[in-house]
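Using this note's numbering, you'd call the opening residue of the sequence shown number 9 and step up by one each time.
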Amino acid sequence: MFRIFALLLTLFSFNCFASVARIAIVGAMDVEIEGILPKLTNVKHKTIGNHIFYIGELNKKPVIVTKSGVGKVNAALTTTLLASKFNVTSIIFTGIAGACSPDLEPMDVVISTALVQHDVDLTAFGNPIGLLDGYENREFLPSESLVNQALKAAHSVLGEDKVTTGTIVSGDQFIADKKKVAFLYQEFQAKAVEMEGAALAQVADQFNIPYVVIRTISDKADGSASLTYDEMKNTTAHNSISILLEMFK
């Protein structure tokens, strides 16, 4: 009897959490969300599969924070769980990325105005690279309102010189090659490259959930990218978190 009561109480509690409209905050790695978790109040946890969802409030605003894991499949899975299991009104993806634009340096920030999966290749069927079958455009477009909110917060935290907007490309590759970077910049006019954002965007679009991706540059995505990434990932991840926290003030 006690076990049945405990199960019913758990289900009731989860349904209550799921019914509250919340903003989702997602990072691919621990370092991309660990600066957010201590700021949460009234926190509860929900585990689905290997994913832990931190359900609480950030400056009295209902939120749900989670780590997706690295790569497009993890990002798509996490977005699907957020959309189907919780009452998510918008998604903010925070984290780090490699620079594609030659004008960008580590610690600069890119806020997405378009997202593309650069490793999608159906050119054998006449599609331009990055265009998925059944889609008219290869770009997924974030919420203009969220982009503006993120831009305002970034300017407040960092000033205008360190912040830009533009296309962010995603693929299941860690880019550390000058020729590949040059291709991404030429083909997509990409400002930054990472491994999750466009997959999140594709799923969020299907659920009609507004989203934005905020990325701080950790490396130049060239031959020294792995070394620079390791040196900079903690500092750059917290840079993006500072912007996100400013959005909730």
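C-beta: ideal position from N, C-alpha, C; glycine also.
Query                                                                                                                                                             : Result
Taking the Cβ atom as the reference point for each residue, do L154 and V211 lie within a distance shorter than 7 Å?                                              : no
Going along the chain, which residues of its own chain have a beta-carbon closer than 7 Å to the beta-carbon of F256, five neighbours each way excluded?          : L66, N67, K69
Does the distance from the C-beta atom of I251 to that of I222 stay below 7 Å?                                                                                    : yes
Counting C-beta neighbours from all protein chains within 10 Å, is the total for Q194 16 or more, i.e. buried, or is it exposed?                                  : exposed
Could you spell out where the alpha helix (DSSP H) holding H163 opens and where it closes?                                                                        : 152-166
Buried or exposed: which applies to T131, given that a residue is buried once 16 or more other Cβ atoms fall within 10 Å of its Cβ?                               : exposed
Would you identify the three-state DSSP class for V211, choosing helix, strand or coil?                                                                           : helix
Sort A122, G138, V73 by Cα distance to D129 and report the nearest one.                                                                                           : G138
For K199, I'd like the list of residues in its chain whose CB is within less than 7 Å of its CB, leaving aside the five on either flank, ordered along the chain. : C108, S109, L112, V118, T172, G174, T175, I176
DSSP has H59 in a bridge; who is on the other side?                                                                                                               : I56
On the three-state DSSP scale, how would you describe F256?                                                                                                       : coil
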